[in-house]
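So the structure is just underneath, and the comments pick up after that.
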Amino acid sequence: MNAPCSSDNRNSTPLITPRFSTTQCSFNASSNMKMAKINRLFLFFVALFFLGTVEAKYSDAWVRQRFPTIFAATEAPDPARCLEKLFRSYEIKKHVQVPCDELGALDTCSGLSFASHDDKAIVLVFRGTKGTIQLLVESEELVYRNKTQWYGGGQVGFYFARAFNVVWNNGMKDDFNTLRSKYPGYEIWVGGHSLGGSMAALASNYLVANQLVKSSKIKLVTFGEPRTGNKEFADQHDALVPFSYRVIHRKDIVPHLPLDGMDGFHHHRNEIWYNNDMSTPDFVECDEQEGRNCSDAELDWLIKDHHRYFGVYMYYYGARNCTGDPAN
1 MNAPCSSDNR NSTPLITPRF STTQCSFNAS SNMKMAKINR LFLFFVALFF LGTVEAKYSD
61 AWVRQRFPTI FAATEAPDPA RCLEKLFRSY EIKKHVQVPC DELGALDTCS GLSFASHDDK
121 AIVLVFRGTK GTIQLLVESE ELVYRNKTQW YGGGQVGFYF ARAFNVVWNN GMKDDFNTLR
181 SKYPGYEIWV GGHSLGGSMA ALASNYLVAN QLVKSSKIKL VTFGEPRTGN KEFADQHDAL
241 VPFSYRVIHR KDIVPHLPLD GMDGFHHHRN EIWYNNDMST PDFVECDEQE GRNCSDAELD
301 WLIKDHHRYF GVYMYYYGAR NCTGDPAN
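In full-length UniProt numbering, the protein residues as written are 1 to 328.
Have a look at this one:
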């Protein structure tokens, strides 16, 4: 019996494995060279595919046109009144509102799920901090409670993790699964303002870490997101969710809280900083986790810049079902 074909490089396995007979060698040196070229071309096109789908750039026009009103919808008694201003064809699921700490009904967290057929996207958005009481509880727990381990790695603020989990497990998970099964080819957009930004970061991270969504199919956009977790979390988030943009308005104070390094808190990538009133597409992009040429360069932070993004006061505009002057 003839010996099977062999190779000098016995530890390498080609991406496209040649078939051979155990009784007769069927590939000569020329065939092996052709196979190597095929493998190189295969790797080249795979790289092009992933670069084309994952490394998309920030779009001021897309974010400006879509997200301020989407985020305002999380504040609305009737979110559909806001969404109908943006989308010709959409399918809204539940607006989940549940108690998110020991204060019960006095302090709720909220999330909204819908599909935009115009954009072929499933959208998960989270409401920001609502009222002084929630702000005080959130701040106290971030300072005095230990961070909690996160699914994909690293540690995150306890309050952020609990807020995401109660919304996810009380309706959003079922809504997402329903939309995902109906529209498997749609992109996933995740976003939120303030506390909702941290919840959105955790949601996008959770979906990829648990293999519910591919990295190439998910986009994260947040406004005024606080520091959500530690450096380890930031590193693994950057790897899992490459299309991830933290938009910051001028001197907004919230993205600087908790302070950098305080109990290990550290931002994930990428920051988009508008050092202006956001009326024009004039911004600076910092692709580092803590870019010193963006909002970290400012020390005189202001709460007023946290409320309005792209000229929309999201809380008041949403509370009026997106009617009247968006800026007030």
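Yeah, the Cβ is synthetic: ideal placement off N, Cα and C, and Gly gets one too.
From a predicted model like this one, the values you see are computed outputs, not experimental measurements.
Item	Value
Using a Cβ distance threshold of 8 Å, determine whether the region 256 to 274 contacts the region 175 to 194, with at least three qualifying pairs required.	no
With a 10 Å radius around its C-beta and 16 neighbouring C-beta atoms as the bar for buried, classify residue 61 as buried or exposed.	exposed
Can you tell me which of 203, 308, 328 puts its alpha carbon nearest to the alpha carbon of residue 64?	308
Report buried or exposed for residue 108, applying the criterion of at least 16 other Cβ atoms within 10 angstroms of its Cβ.	buried
What does the alpha-carbon distance come out to for the pair residue 200 and residue 241?	12 Å
May I ask whether a heavy atom of the ligand GDP can be found less than 8 Å away from the beta carbon of residue 81?	The model depicted lacks the ligand GDP and carries no ligand whatsoever.
Just to confirm my understanding: we take residue 306, look at its own chain, exclude 5 residues before and 5 after, and list those with CB closer than 8 Å. What are they?	194, 224, 249, 252, 253, 254
Count the other CB atoms, across all protein chains shown, that sit within 10 Å of the CB of residue 182; report buried if there are 16 or more and exposed otherwise.	exposed
Within its chain, find whatever has a CB closer than 6 Å to the CB of residue 90; leave out the 5 residues flanking it on each side and keep chain order.	83, 114, 116
I think residue 245 touches residue 220, with their Cβ atoms under 8 Å apart; what is that distance to the nearest whole Å?	7 Å
Just to confirm before moving on: does the CB-CB distance between residue 171 and residue 98 stay below 9 Å?	yes
Residue 285 to residue 293, Cα distance in whole Å?	9 Å
Taking residue 193 as part of the beta strand (DSSP E), name the residues at either end of that continuous run.	187 to 193
My parser needs the alpha helix (DSSP H) runs of 4 or more residues fully inside the UniProt domain "Fungal lipase-type" (123 to 260); what are they?	131 to 144, 158 to 167, 173 to 182, 195 to 209, 231 to 240
Spell out the partners DSSP gives residue 303 in its beta bridges.	Beta-bridge pairing links residue 303 to no other residue.
In three-state DSSP terms, what is residue 86?	coil
Less than 9 Å between the beta carbons of residue 70 and residue 123, yes or no?	yes
Please classify residue 65: does DSSP put it in a helix, a strand, or coil?	helix
Near residue 283, what residues of its chain come up, given a Cβ to Cβ distance below 7 Å and the 5 sequence neighbours on each side ignored?	60, 272, 273, 274
At which residues does the beta strand (DSSP E) containing residue 111 begin and terminate?	108 to 116
What residue from 205, 93, 300 has the CA that sits closest to residue 180's CA?	93
Tell me the DSSP bridge mates of residue 308?	313
What does the Cβ neighbour count give for residue 326, buried or exposed, with the cut at 16 atoms within 10 Å?	buried
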